[in-house]
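Working notes, beginning with the structure itself.
In this note's numbering, the protein residues as written are 116 to 444.
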């Protein structure tokens, strides 16, 4: 006789078998129906052997026996219906339990997901709070250090109160504003003075040009008169004046004095030039070459203009005024 090999089940299969098996309370209705239908007292089973022939009884006994069998069948039928009703109620209860268990499992799964999400959120929040805690600890450490430094600063008796410091700062700000305003006014004033000085310089240059023109015209007339007199003497056959005489000698003091007097007489605006000097066109100092040159005719040698005492005084005044104007600019 070959035996059927039975092996050990896996843990998952064994757990599934334990989960799917019926409990004793649930198995009882099935057992009652099985016993009622397949038991030895069941009316559905055929007897293994024929019954013994009944004894010869009267008709009344047969009727009583027949009624007894019908009563037993009726009772059996009622018992079977009761067992099937109990089995049906068991099926319904099992179905309800199954549906309830499925709902509970779904609810448990949802709650599990929710709990896992909450746990993850708590972990993330914990990490963020840990970072914030570290930053707060660093800030607290810095504040403690600042408090120590502030205590050292505020504990110094040499410092003034905050109100006095604020008043001093306001006063300094007001002074700064006044100085800035004053600086703007000075800047505007200097611009106006510069414009006035430029106008004065332009007027002085124009006046010097006019003075030079008036000074050159008498010298030209004098030279022309000397030339005409020389020509007339030569035509009359009389010898002309010697070139090496006193009149032609530039070192002769008489000629120098006469030339200077003529120059001073023909320049009435000489005093005006001292009032409006030009930084670029100033009157030459003593010992320097004069700026105004006499107009000479062709063939005549230029003679240096003599410097008189009047011109020396004017040059000194011009140099003094020039120094004052240079200090201003």
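Idealized CB from N, CA, C, for every residue including glycine.
Is it the case that the segment 202-215 contacts the segment 135-151, given that we only count it when at least three CB pairs across the two stretches are under 8 angstroms? In short, these stretches touch, since the Cβ pair count reaches three.
Straight-line gap, residue 295 to residue 267 (C-alpha atoms, nearest Å): 37 angstroms
Please classify residue 323: is it buried, with 16 or more other beta-carbons within 10 angstroms of its beta-carbon, or exposed? buried
Span separating the alpha-carbon of residue 98 from that of residue 242: Within the shown structure, residues of the chain are numbered from 116 to 444, placing residue 98 beyond reach of any answer.
For residue 194 and residue 148, which I take to be in contact (beta-carbon distance under 8 angstroms), what is that distance rounded to the nearest angstrom? Not a contact, Cβ separation roughly 10 angstroms.
Tell me the DSSP secondary structure of residue 123 in three-state form. coil
Residue burial classification, residue 319 (beta-carbon count within 10 angstroms, cutoff 16): buried
Near the ligand COA: residue 239 beta-carbon under 7 angstroms from a heavy atom: You won't find the ligand COA in this model; it holds no ligand whatsoever.
Using the Cα positions of residue 256 and residue 284, report the straight-line distance between them to the nearest angstrom. Distance between the alpha carbons of residue 256 and residue 284 is about 32 angstroms.
Cβ neighbours of residue 222 in the same chain (closer than 6 angstroms, five flanking residues each side left out): There are no such residues.
Quick check on the burial criterion: 16 or more other C-beta atoms within 10 angstroms. Buried or exposed for residue 144? That one is buried.
Using three-state DSSP, classify residue 274 as helix, strand or coil. coil
Taking only the alpha-carbon atoms, compute the straight-line gap between residue 246 and residue 252 and give it to the nearest angstrom. 10 angstroms
Whole angstroms are fine: how far does the CA of residue 312 sit from the CA of residue 291? 31 angstroms
Do you know offhand how far residue 280's Cα is from residue 274's? 9 angstroms
Indicate the three-state DSSP secondary structure (helix, strand or coil) for residue 408 in the structure shown. Its pLDDT being 42, under 50, residue 408 is placed unreliably in this model, and the coordinates cannot settle the point.
6 angstroms CB neighbourhood of residue 303 in its chain, flanking five on each side removed: none
According to DSSP, simplified to helix, strand and coil, what is residue 136? The answer is coil: DSSP assigns residue 136 none of H, G, I, E or B.
Comparing C-alpha positions only, which one of 254, 301, 196 and 187 sits nearest to residue 156? 187
Determine the closest residue to residue 201 out of 237, 151 and 231, with distance taken between C-alpha atoms. 151
DSSP state of residue 155 mapped onto helix, strand, coil: coil
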